[in-house]
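Undergrad: Here's a structure for you.
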Amino acid sequence: MILKLCEFTPFDALLSYQRDRIKCKLSFIKITLNFKYEICILFSKRMSPNTDQTKQCDDKSNKKNIDIVKSTSQNIDVIKEILDNCRVWQLRSILIIYLTKIPTAFFMACIVYSAPVPERVQIYCKDTTETNSSIGFSTIYHPAIVDVNDQEFSLSLCDTRADIKEHAWLYFGHHLFQMPWIKPNYSVMEQSIDSNLYSLMPCDIFDFKSGNPVTSYDILCSRGALVVLTQGMHLVGIFLSGIVARYAMKATSPKTVLRSAMLLQIVCGTFAGLVGSLVIHLVFRALAAIGCAAAFTAGSVIFSDITNGKLRVASQVFYDIFWSIGIIILSFITQYEARWTQLYFIISYPTLIIIFLTLFLPDSPSWLLRRGKLKEVQDILITASNSYKSTAILPANLTYHLQRQSTALVNEPPPSRWFSLWRGSLITSIRNFSVHVAFSCFTIMYFGMVLNMASYGGRNNLPRSARFLAGSEIIGCCLGYFIAVNSKIKFMSCGVFNLIGSGIALSVWYWKDYESEFVQNSTLLYFCLVLKASVSCAYAVLSSCTTDLVSSDKKAILLFSSVLCGRLWLLNAPVMVSLGTFYGEFLSLSLFAMTGCFGGLAMIIIDLSLKIKGN
């Protein structure tokens, strides 16, 4: 017994205790793991009682998400999403297109500067029966000048005195010959000595010493008719240009139409200044006008296609500012060169610079996509992204997006026809009719008041009048942009503005007895400035916001129809201008003011019709 106790040492007891303790811990861990495993199985069974059903639901959910992604991506215009990040490239392209407006202003207003009344030294009446037409004999034929410093005749150049030939036979070459010729003394029974209307007869043939349109076409006695005819043929060309451009862009791209139109303008403008026949001159004037208007029409299609949102509104509104800039530039040009042929060269050939700049101009992406030209569209987007100095804005699957967008454009339903504008409710038809009336009124006033600018301050103050009117146009365009972007009653605001401007212009009749002084001192010009600014404001709002009045399928036809209607009524502008020659300058201004009243009321009706529910 003592021996056994000695063999069982304390060290062995310690080892046994540690061994038993480790076994207990291992057993506890095993039991814990088994318990957790059972809990996991039970939780899994309760949450997923049917595995096949869960899998089927997940498949339906994934399919729905895919459909949403597809429909969303189809509604996104990938071109505009990319180009909206390339502002510098967009602004450069817009500026190039803006330059096409300047030649249009040149050709519209040049006839106002280039058909002056001939000076005394330029023209004299030619004797039809005698070959003797020396300087002295020619001087006898001329009526007297009231003022020595006056370069225009006080009497009509188309008339001479019935007894002037007899007087010339009696005194020409004789020592009693008087230079200049003095009117003979008549008896009191026949006519008063101071009368300037005694025995007037028309001069049959004139001799010219210098060339301008009045003398070159031998229409000295119909100078007013030259201005009206030339302006009228230019407006005929503008009217036809809308139809020509519309159908030309169905066959070729807008960029090609723009270049071709500018080449047509250069060629026809040059020949219009060179030809010696009035009829041929009028034909070339009309063709040059077609080129001018078709160029800026194609340009507007391009910048509308590469812009979006407020930038598109701004580009459409400020397009007409370059028309005003062209009027200002022409007023400076004519101060140094107003000769007929040279003036046509000066206003025609700078267009070559614009043609060169079109090398940096993109074509219409949507036009290219509709014809499946994906490579050209892709090149445009790459060029635009390079101006952004990064191609990271281009999606990896750009070709796929362009292909899908091209397919969507090709499969679009055809645009609505003109009769669809009048098939809606009565309120909708009245609104669309008001749009046409507003476009007609403001198109006549926008261009017609420029053609009538010689009546506001006389020919001697013509450059000054042009600059004032162009400045009013620029202010009106800026106001139009502010109203188009910020106002909820944009059409009504422009309508009220035009009623105010028309009222100021009509108030000139209060000073009817001072009509000649108003024209001579350019006072009449100041009554036109508010009206001209209001017209430009309304024209800018109509150009940028008209398409918002109808659904997407009717936008193109409404804009085309209303613009064409405006250009058709624009043909009456030269008639309104010429009435001032016969009935006073106040009348032509009053006609434009009354037209502004009708246009302002039409703009108010547009906004009132929008407030009626369901329309």
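Just add 10 to the spot in the sequence shown (first one is 1) and you have the numbering used here. All residues carry an ideal CB built from backbone N, CA and C; glycine is no exception. Computed from a prediction, not measured in an experiment: that's the story for all the values here.
Could you pull the start and end residues of the alpha helix (DSSP H) that P424 belongs to?
TA: Per DSSP, P424 belongs to no alpha helix (DSSP H) and is neither H nor E.
Undergrad: Relative to the C-alpha of M604, which residue among S619, N496, L404 and C451 is closest?
TA: That would be C451, whose Cα lies nearest to the Cα of M604.
Undergrad: Below 8 Å between beta carbons: does that hold for C547 and A515?
TA: No, they are not a contact pair.
Undergrad: Can you list, in chain order, the residues of its chain whose CB lies under 6 Å from that of I615, leaving out five sequence neighbours each side?
TA: Correct list, in chain order: S444.
Undergrad: Grouping DSSP H, G and I as helix and E and B as strand, with all else coil, what is G319?
TA: The answer is coil: DSSP assigns G319 none of H, G, I, E or B.
Undergrad: Helix, strand or coil: which one does DSSP assign to M463?
TA: Three-state result, M463: coil.
Undergrad: What's the gap between the Cα of T417 and the Cα of I390?
TA: When rounded, the distance between both Cα atoms is 19 Å.
Undergrad: At a cut-off of 7 Å, would you count E483 as near the ligand FMN, judging by its Cβ distance to the nearest heavy atom?
TA: This structure lacks the ligand FMN, and indeed carries no ligand of any kind.
Undergrad: Buried or exposed, going by whether 16 or more other CB atoms sit within 10 Å of the CB of T453?
TA: Buried, by the Cβ-count rule.
Undergrad: Tell me where the alpha helix (DSSP H) around P405 begins and ends.
TA: Run containing P405: none; DSSP gives neither H nor E here.
Undergrad: Shortest alpha-carbon distance to L509 belongs to which of F478, A448 and V560?
TA: The shortest C-alpha separation from L509 is found at A448.
Undergrad: Contact check, L541 vs G606 under 8 Å by CB: the rounded distance?
TA: With a Cβ gap of about 6 Å, L541 and G606 count as contacting.
Undergrad: Since K111 and G336 should fall inside the 8 Å C-beta cutoff, what is the C-beta to C-beta distance between them, to a whole number of angstroms?
TA: Right, the Cβ-Cβ distance comes to about 6 Å (below 8 Å), so this counts as a contact.
Undergrad: In terms of residues, what are the limits of the alpha helix (DSSP H) holding Y491?
TA: Here the alpha helix (DSSP H) through Y491 covers L472 to N496.
Undergrad: Restricting to Cα atoms, I'd like to know which of I356, P372 and Q241 is closest to R102.
TA: It is P372.
Undergrad: Quick check on R414: does DSSP put it in helix, strand or coil?
TA: Of the three classes helix, strand and coil, the one that applies to R414 here is helix, per DSSP.
Undergrad: For T393, does the count of other Cβ atoms within 10 angstroms reach 16, so buried, or fall short, so exposed?
TA: So T393 counts as exposed.
Undergrad: Would you kindly check if the distance between the Cβ of V587 and the Cβ of S7 is under 8 Å?
TA: Summary: the structure shown does not reach residue 7, with the chain confined to residues 11 through 625, and so no result is reported for it.
Undergrad: Where does R97 fall in DSSP's three states?
TA: Looking at R97 - three-state DSSP - the assignment turns out to be helix.
Undergrad: I'd like the span of the alpha helix (DSSP H) that includes W385, first residue to last.
TA: First, the residue type needs correcting, since residue 385 is Lys and not Trp in the sequence shown. Element bounds for K385: L384 to S397.
Undergrad: Do F501 and D617 have their C-beta atoms closer together than 8 Å?
TA: Their beta carbons are under 8 Å apart, which means F501 touches D617 by this criterion.
Undergrad: Under a three-way DSSP split, which group does L371 fall into?
TA: Here L371 sits in coil by DSSP.
Undergrad: Quick one: is W519 buried, meaning 16 or more other Cβ sit within 10 Å of its Cβ, or exposed?
TA: Classification of W519: exposed, given that the 10 Å Cβ count is below 16.
Undergrad: Within 8 Å, do at least three Cβ pairs link the region 243-256 to the region 363-370?
TA: Flag = no, the region 363-370 and the region 243-256 do not touch.
Undergrad: Could you give the C-beta distance for D94 and N318, rounded to a whole number, given that I count them as a contact under 8 Å?
TA: The Cβ separation is near 6 Å, so the contact holds.
Undergrad: Do you know whose CA, among A612, V545, V237 and V387, lies nearest N442's CA?
TA: N442 has its Cα closest to that of A612, out of A612, V545, V237 and V387.
Undergrad: If we ignore side chains and look at the alpha-carbon of each, how far apart do S83 and Y410 end up?
TA: With a pLDDT of 43 at S83, under the threshold of 50, the modelled position of that residue is not reliable, and the figure given next carries that caveat. If you take the alpha carbons of S83 and Y410, they lie about 11 Å apart.
Undergrad: According to DSSP, is P360 helix, strand or coil?
TA: Coil.
Undergrad: With distances taken between CB atoms, is the gap from I567 to S426 smaller than 8 Å?
TA: The answer is yes: Cβ separation under 8 Å.
Undergrad: So, helix, strand or coil for I622, using DSSP?
TA: If DSSP states are grouped into helix, strand and coil, I622 belongs with coil.
Undergrad: Once the 5 residues before and after D68 are set aside, which same chain residues still bring their CB inside 7 Å of it?
TA: Low confidence applies here, because D68 scores a pLDDT of 40, under 50, leaving its location unreliable; read the following figure in that light. Cβ within range, chain order: n/a, list empty.
Undergrad: Do Y108 and F332 have their C-beta atoms closer together than 8 Å?
TA: In contact: Y108 and F332 (Cβ atoms closer than 8 Å).
Undergrad: Answer with buried or exposed for S287, where buried requires no fewer than 16 other C-beta atoms within 10 angstroms of its C-beta.
TA: So S287 ends up on the exposed side.
Undergrad: What is the rounded straight-line gap between the Cα of E483 and the Cα of V545?
TA: One C-alpha to the other measures close to 8 Å.
Undergrad: I need the straight-line Cα distance from S598 to D523, nearest angstrom please.
TA: Each residue's alpha carbon lies about 16 Å from the other.
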